[in-house]
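K.L.:
Okay, handing you the structure first.
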Amino acid sequence: VFLSDFGLDDEFVGICHGVMATLAPQTRVIDLTHGIPPGDVRRGAMVLSAALRYVPAGSVLLAVVDPGVGTARRAVAVRDGSGRLSVGPDNGVLSLAWSGGVAEAREIVGAPPMGDPSATFHGRDVFAPAAARLAAGAAPGDLGPELTAASLRAIPWPEPVIDGGEARCEVLAVDRFGNAQLSIRSTDLPGLGLTPGARVVLGVRGREAVVDHVTTFGQVPAGALCVLVDSTGWLAVARNGESAAAELGLGPGDPVRVRMAAGPPPSSGVG
Amino acid sequence: VFLSDFGLDDEFVGICHGVMATLAPQTRVIDLTHGIPPGDVRRGAMVLSAALRYVPAGSVLLAVVDPGVGTARRAVAVRDGSGRLSVGPDNGVLSLAWSGGVAEAREIVGAPPMGDPSATFHGRDVFAPAAARLAAGAAPGDLGPELTAASLRAIPWPEPVIDGGEARCEVLAVDRFGNAQLSIRSTDLPGLGLTPGARVVLGVRGREAVVDHVTTFGQVPAGALCVLVDSTGWLAVARNGESAAAELGLGPGDPVRVRMAAGPPPSSGVG
Amino acid sequence: VFLSDFGLDDEFVGICHGVMATLAPQTRVIDLTHGIPPGDVRRGAMVLSAALRYVPAGSVLLAVVDPGVGTARRAVAVRDGSGRLSVGPDNGVLSLAWSGGVAEAREIVGAPPMGDPSATFHGRDVFAPAAARLAAGAAPGDLGPELTAASLRAIPWPEPVIDGGEARCEVLAVDRFGNAQLSIRSTDLPGLGLTPGARVVLGVRGREAVVDHVTTFGQVPAGALCVLVDSTGWLAVARNGESAAAELGLGPGDPVRVRMAAGPPPSSGVG
Chain A
67 VFLSDFGLDD EFVGICHGVM ATLAPQTRVI DLTHGIPPGD VRRGAMVLSA
117 ALRYVPAGSV LLAVVDPGVG TARRAVAVRD GSGRLSVGPD NGVLSLAWSG
167 GVAEAREIVG APPMGDPSAT FHGRDVFAPA AARLAAGAAP GDLGPELTAA
217 SLRAIPWPEP VIDGGEARCE VLAVDRFGNA QLSIRSTDLP GLGLTPGARV
267 VLGVRGREAV VDHVTTFGQV PAGALCVLVD STGWLAVARN GESAAAELGL
317 GPGDPVRVRM AAGPPPSSGV G
Chain B
67 VFLSDFGLDD EFVGICHGVM ATLAPQTRVI DLTHGIPPGD VRRGAMVLSA
117 ALRYVPAGSV LLAVVDPGVG TARRAVAVRD GSGRLSVGPD NGVLSLAWSG
167 GVAEAREIVG APPMGDPSAT FHGRDVFAPA AARLAAGAAP GDLGPELTAA
217 SLRAIPWPEP VIDGGEARCE VLAVDRFGNA QLSIRSTDLP GLGLTPGARV
267 VLGVRGREAV VDHVTTFGQV PAGALCVLVD STGWLAVARN GESAAAELGL
317 GPGDPVRVRM AAGPPPSSGV G
Chain C
67 VFLSDFGLDD EFVGICHGVM ATLAPQTRVI DLTHGIPPGD VRRGAMVLSA
117 ALRYVPAGSV LLAVVDPGVG TARRAVAVRD GSGRLSVGPD NGVLSLAWSG
167 GVAEAREIVG APPMGDPSAT FHGRDVFAPA AARLAAGAAP GDLGPELTAA
217 SLRAIPWPEP VIDGGEARCE VLAVDRFGNA QLSIRSTDLP GLGLTPGARV
267 VLGVRGREAV VDHVTTFGQV PAGALCVLVD STGWLAVARN GESAAAELGL
317 GPGDPVRVRM AAGPPPSSGV G
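This is the structure we're talking about:
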C-alpha cells in the first residue's frame, strides 16, 4: 500500500514501482493515492490511517511525504501492536496508522540496491527498497538498528476547539467534488447538539450560512449547501451536485465555525 | 475493469482497490479511467461502452459515476446477453455497455464486508465489494433480489439533428490533446456528404471555419484545424500539434454545426 | 514498462492496459508515467532512459509519444545491445534507452488483433499489442521486416554551451515540487568550478540570482533558492519547501545561464 505526495505527472511513482517490482516481483502494490499536497505530512498521515480497514491484512504500508529528504530526519520501519509493518520518514506520516502502539522500530540504513543513494529521492533509494524487502519476507531487523518507540515522531490528530456550543475548526481537505472536510469528528457532534436533521450555522470568512445537517447530498435541493458526516467520519461541508468549496471559497487550513442553529429555521444560503 | 469520476488526487480509487484486493486477491484490476467529469453519467457510459472490445473476455465491469449516492437509486449487478457482468448505480452508466440486452439483473443489498455502509461512498461500501465478489466467482444471484430488465434505467446515445444537409450536434468531450469529440458518428457522415478529402464548414459560437476532413492530424499543416473520425468512431475537431478546443473555445456540451463546404475551397481558419 | 503522453484524465491508458491484459494476461505492467507533455518526444526519451536502472531485468519498454501518429513515421520494435526490447514510434523516443547500440530492429506491421487500425490511436492498435506479444514471448522478427539500425531516428542529449566559465542551458522540465531541471549534467560541473558548497550565479530572464550549490533542499533556509544535482544527475534549481519554478517564472525550454559566483558571497535572492 503506497501513498505519497509525488503526483502522477512525473515519473517518481513509476520509478518506485520499478524498484519494488525488481525486489519483490510477486508483490501486488496498491496505490492509495499520490495526490497528497506536496509536503503535507499531516494529510498523508490522516489518509493512511483512514485506509487501514480497507486494505488486505498483512499489507506493508509505504508512505513518502518527506519535505526533509536528505537532512538528518531518519528513515524508519515500524511494526505496530497489531503486527502491521510500515515504512517512511520519521516525521509523523506513519504515526496515525500505528494500532496498539509501536512494537518494534528500526532505522533503515545501508546501501540501496541500485547504487549510491541520492540526496533528494529517498522514495526510490531508501523507502521503496525497504518496503519491498519487507513485503518479500525480510524482517524489520534486517533493515537496520533498533530505535526506541519514544524517539519516533508522532503527530496529533487535529482537534476542534469547542467553546460555548460553538466549534472552531479548520478545513482539513477539499476533495475532487468540492466537499470540504472539517476537523470535527462524528464523535464531537453530540456535544454540539448536531444531529442529522438539525440545522447548523457555518461561520466562514466573516459570513454565516445556515444549512441542513443531512446524511447524504441528495437530501438537499440541487445546488444547496449542507453538512454531513463523510465516509471517513469527519464533518464535511457539501453541496448537492456542485462544489461547496468553490461556493464558499474554502481551502485546506481555512478556519470555520460551526454551531447549532437556534430558533425557527431561516432560509438557506450564505447571508 | 474499473471506471469512475473519482479522479486520482484523492484516495477514493486506492481505497476501492484495497477493498477489491481484500475480497478478490487473485483478480487483476484494470483502471479504465477515473477522469470522468464529476457526475457525468453519460460520459461514463460512453467511455465504458467504447472500451468493451479492448478488455479481456470475462472481465467484470465496475462503473461508479453516482451523483445520487445515498438516495433511493438502486445499486445493480447485471448480466447482459453476451454473458458479461457489470456493477454500478442504476442511473444508466452501465446501460450503453449491455450487448444483446439484459439477461439478468439483481439489486445489490446486504451488509458490506467492512462495516456499515456510509451514505456517501458506495464505491467503497457497495460497488467494489460486489464487483470483487463476482470476479472471485460469486453469481449475481448471491448479491440480492432479481429486478426486471424493464425497470433498469438506460440512457440514449447522443444523436445529431440533421436538417437540410447540416448537422447540429454538441461537443461530447475534449481530450488531453484538445480534440473535441462531436455527437456525430462515422455512420452519420454519408448523409451529410462528408468523406475524407472533402472540406467542411464548422459553425462554432456564431462564427464559421472551413476545414479539411482528413484521417489523421498530420495531413494538415502544423497548427491547422481539421475534422476526422476519431479512434472510437465519432467525428472530432482537431488541430495538428495543438489544441483545437483551446483555439475554438470549445468545451463539453457546446453546440456545433457541421455541413459540407460548397463551391471552391476558401482559405482555412475561423473567419 | 509503459510511458506515454496520454495523461490519466482520458481512457487512453486504460484501453492500452486492456489490450495488453488480453494479449499477455500474465504480464505485469509498470506505468512509468503518462504525464509527458503532449508530443514532447525528447522528454519522453529522457525519462525512459533515466528509468532503465530501476526496472526489472527483462522488461519490455513501451513508449508512446507520437505526434506523427497516422503519418509515414514507422512503428518499430528494437532489441538493443544489452538484449532489452523496446517498442514505439520511430521518432527518437526510444533512442536514449538503447544501451550498446541497436542489435535488431523491426518495423511493426500487420493487422492489429482487434480490428482495423485507427489512424489516430496506434498506442491501442499497434504499440500495445506489439509490446504485449514480446512480453508474452514473441520475437521481434514475428512483428515485421528487418530495418537497418542506421535508418532509425535518434535524438541527441541536450548539451549546455559552455563559454568563458558560463554555461548557457535550458530548463528541461519542471516537476510537481517546482524543481527546474537544467540541461547541465553533473559531469559538466567541474569544468564550471561548480562544486557543492560553492555559490552560483543564475541568469534568468535578464536578472541574476546568487544561490548556494547544495546537495539537498534542507541545506538552505525555508523558501531559499539553491541549485543541486537532482536524482537523475542533472543540475536543478530548487527552493526549500516551495516552488523554484514559480518564484523565477521558469518553464520547460526557458534559457538559463549558470556560472560560479566571484568574490565574497553576496546576499541571496533575485536582485
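Residue numbers (the numbering used here), protein chains in the order written: chain A, 67 to 337; chain B, 67 to 337; chain C, 67 to 337. No residue lacks a Cβ here, since even glycine has one placed at the ideal position from N, Cα and C.
May I ask which residues mark the beginning and end of the beta strand (DSSP E) holding C/I56?
P.N.:
Look at the range of chain C in this structure, 67 to 337, and you will see that residue 56 of chain C is not part of it.
K.L.:
Within 8 Å of any Cβ in chain A, is that where the Cβ of C/I81 sits?
P.N.:
Taking the first residue of the third sequence as 1, we reach residue 81 of chain C at position 15. No, no contact with chain A.
K.L.:
Can you find a C-beta in chain A that's less than 8 Å from the C-beta of B/L74?
P.N.:
Locating residue 74 of chain B in the second sequence gives position 8, counting from the first residue. Taking Cβ atoms only, chain A reaches closer than 8 Å to B/L74, which makes this a yes.
K.L.:
Below 6 Å CB to CB, which residues in the same chain sit around B/G335 once its five sequence neighbours on both sides are set aside?
P.N.:
Start at 1 with the first residue of the second sequence, and residue 335 of chain B comes out as number 269. Residue placement at B/G335 is flagged as unreliable, the pLDDT there being 40, under the threshold of 50; a coordinate-derived value is accordingly withheld.
K.L.:
According to DSSP, is C/E274 helix, strand or coil?
P.N.:
In the third sequence, residue 274 of chain C corresponds to position 208, counting from 1. Reduced to three states, the DSSP call for C/E274 is strand.
K.L.:
Any residues in the region 114-137 of chain A with a beta carbon nearer than 7 Å to a beta carbon of chain B? Which ones, in chain order?
P.N.:
If the cut-off is 7 Å between Cβ atoms, the region 114-137 of chain A has A117, R119, Y120, V121, P122 near chain B.
K.L.:
Could you name the residues of the region 215-242 of chain C whose beta carbon sits closer than 9 Å to any beta carbon of chain A, in the order they occur along the chain?
P.N.:
The region 215-242 of chain C vs chain A, Cβ under 9 Å: A239, D241, R242.
K.L.:
So, under 8 Å CB-CB, B/L74 and B/M112 are touching, yes? Tell me the CB distance rounded to an integer number of Å.
P.N.:
Working through the second sequence from its first residue, we reach residue 74 of chain B at position 8. Working through the second sequence from its first residue, we reach residue 112 of chain B at position 46. In fact, because the Cβ distance is near 20 Å, the residues do not count as touching under 8 Å.
K.L.:
Note the first and the last residue of the continuous beta strand (DSSP E) segment covering A/S70.
P.N.:
The residue you call residue 70 of chain A lines up with position 4 of the first sequence. Where A/S70 is concerned, the enclosing beta strand (DSSP E) stretches over 68-70.
K.L.:
Whole angstroms is fine: what's the gap from C/L128's alpha carbon to A/G84's?
P.N.:
Translated into positions along the third sequence, residue 128 of chain C becomes position 62. Translated into positions along the first sequence, residue 84 of chain A becomes position 18. One C-alpha to the other measures close to 14 Å.
K.L.:
Quick check: C/I81 and C/R234, are their CB atoms within less than 8 Å of each other?
P.N.:
Counting from one through the third sequence, the residue named residue 81 of chain C turns up at place 15. Counting from one through the third sequence, the residue named residue 234 of chain C turns up at place 168. Their beta carbons are not under 8 Å apart, which means C/I81 does not touch C/R234 by this criterion.
K.L.:
Take C/S70 as the anchor and find which of C/V130, C/P103, C/L89 has the nearest alpha-carbon.
P.N.:
As a first step, residue 70 of chain C must be located in the third sequence, where it is residue number 4. Minimum Cα distance to C/S70 is reached at C/V130.
K.L.:
When the Cα atoms are used, what is the spatial distance from A/D208 to A/A201?
P.N.:
Within the first sequence, numbered from 1, the residue matching residue 208 of chain A stands at position 142. Within the first sequence, numbered from 1, the residue matching residue 201 of chain A stands at position 135. The straight-line gap from Cα to Cα measures roughly 13 Å.
K.L.:
Apart from the five residues on each side of it in sequence, which residues of its chain come closer than 6 Å, Cβ to Cβ, to A/F78?
P.N.:
For this step, residue 78 of chain A is matched to residue 12 along the first sequence. Hits under 6 Å: F72.
K.L.:
Run through DSSP, which three-state label would A/A111 get?
P.N.:
As a position in the first sequence, residue 111 of chain A is number 45, starting the count at 1. Helix at A/A111.
K.L.:
Whole angstroms are fine: how far does the CA of B/W164 sit from the CA of B/A171?
P.N.:
The residue labelled residue 171 of chain B in the question sits at position 105 within the second sequence. The residue labelled residue 164 of chain B in the question sits at position 98 within the second sequence. So the alpha carbons of these two residues sit roughly 11 Å apart.
K.L.:
So is C/P331 buried or exposed if we call it buried at 16+ other beta carbons inside 10 Å?
P.N.:
Against the third sequence, residue 331 of chain C aligns to sequence position 265. Note that C/P331 scores 47 on pLDDT, short of 50, meaning its location in the model is unreliable and no value can be drawn from it.
K.L.:
From this set, C/A197, C/A302, C/R94, which residue's C-alpha is nearest C/S252's C-alpha?
P.N.:
Mapped onto the third sequence, residue 252 of chain C falls at position 186. Out of C/A197, C/A302, C/R94, C/A302 has the C-alpha closest to the C-alpha of C/S252.
K.L.:
Which bits of chain B does C/G105 rub up against, with CB to CB less than 7 Å?
P.N.:
The count along the third sequence starts at 1 and reaches residue 105 of chain C at position 39. Those within 7 Å of C/G105 in chain B are G307.
K.L.:
Which two residues bound the contiguous alpha helix (DSSP H) that contains A/A233?
P.N.:
Looking up residue 233 of chain A in the first sequence gives position 167. Where A/A233 is concerned, there is no enclosing alpha helix (DSSP H), although the beta strand (DSSP E) it sits in stretches over 232-240.
K.L.:
Classify C/W300 as buried or exposed, calling it buried when 16 or more other Cβ atoms lie within 10 Å of its own Cβ.
P.N.:
Working through the third sequence from its first residue, we reach residue 300 of chain C at position 234. C/W300 comes out buried.
K.L.:
Excluding the 5 residues preceding and the 5 following B/R108 in the sequence, name in chain order all residues of the same chain whose CB lies nearer than 7 Å to its CB.
P.N.:
In the second sequence, the residue the question calls residue 108 of chain B occupies position 42. Here the set comprises I221.
K.L.:
Have a look at B/F243 and A/R265 and give me their C-alpha separation to the nearest angstrom.
P.N.:
The sequence position of residue 243 of chain B within the second sequence is 177, counting from 1. The sequence position of residue 265 of chain A within the first sequence is 199, counting from 1. Roughly 46 Å separates the two Cα atoms.
K.L.:
Looking only at C-alpha atoms, which of B/G319, B/L151, B/V322 sits nearest to B/S125?
P.N.:
Stepping through the second sequence from its first residue, residue 125 of chain B is reached at position 59. Answer by Cα proximity: B/L151.
K.L.:
At 8 Å on the CB atoms, spell out the chain B contacts of A/L294, in chain order.
P.N.:
Here residue 294 of chain A refers to the residue found at position 228 of the first sequence. Within 8 Å Cβ-Cβ: A185, T186.
K.L.:
Measure the CB-CB distance between B/R219 and B/D156 and report whether it falls below 8 Å.
P.N.:
For the purposes of this step, residue 219 of chain B is taken as residue 153 along the second sequence, with counting starting at 1. For the purposes of this step, residue 156 of chain B is taken as residue 90 along the second sequence, with counting starting at 1. A contact, by the Cβ cut-off of 8 Å.
K.L.:
Please report the distance separating the alpha-carbon of B/L114 from that of B/I102.
P.N.:
The residue labelled residue 114 of chain B in the question sits at position 48 within the second sequence. The residue labelled residue 102 of chain B in the question sits at position 36 within the second sequence. If you take the alpha carbons of B/L114 and B/I102, they lie about 10 Å apart.
K.L.:
Kindly identify the DSSP beta-bridge partner or partners of C/C292.
P.N.:
Taking the first residue of the third sequence as 1, we reach residue 292 of chain C at position 226. Per DSSP, C/D278, C/A304.
K.L.:
Taking 8 Å as the CB-CB limit, is B/P318 close to chain A?
P.N.:
On the second sequence, residue 318 of chain B is found 252 positions in, with the first residue counted as 1. Judged by the 8 Å Cβ criterion, B/P318 is not in contact with chain A.
K.L.:
How many angstroms separate the CA atom of C/G134 from the CA atom of C/V240?
P.N.:
For this step, residue 134 of chain C is matched to residue 68 along the third sequence. For this step, residue 240 of chain C is matched to residue 174 along the third sequence. Going from the Cα of C/G134 to the Cα of C/V240 covers about 25 Å.
K.L.:
Any beta carbon of chain A sitting closer than 8 Å to that of B/E77?
P.N.:
As a first step, residue 77 of chain B is located in the second sequence; it is residue number 11 there, counting from the start. True, the Cβ-Cβ gap to chain A drops below 8 Å.
K.L.:
Does DSSP classify A/A129 as helix, strand or coil?
P.N.:
Here residue 129 of chain A corresponds to residue number 63 of the first sequence, with the count starting at 1. Strand.
K.L.:
Please report whether the beta-carbon of B/V324 lies at a distance below 8 Å from any beta-carbon of chain A.
P.N.:
As a first step, residue 324 of chain B is located in the second sequence; it is residue number 258 there, counting from the start. Not an interface residue.
K.L.:
Note down, in chain order, every chain C residue with its Cβ under 7 Å from the Cβ of A/P91.
P.N.:
By one-based count along the first sequence, residue 91 of chain A stands at place 25. Those within 7 Å of A/P91 in chain C are P122.
K.L.:
Going by other Cβ atoms of all chains shown within 10 Å of its Cβ, with 16 needed for buried, is A/A197 buried or exposed?
P.N.:
Counted from its first residue, the first sequence places residue 197 of chain A at position 131. It counts as buried.
K.L.:
Does the CB of B/T282 have a neighbour CB from chain C at under 8 Å?
P.N.:
If you number the second sequence from 1, residue 282 of chain B lands on position 216. By this cut-off, B/T282 is an interface position.
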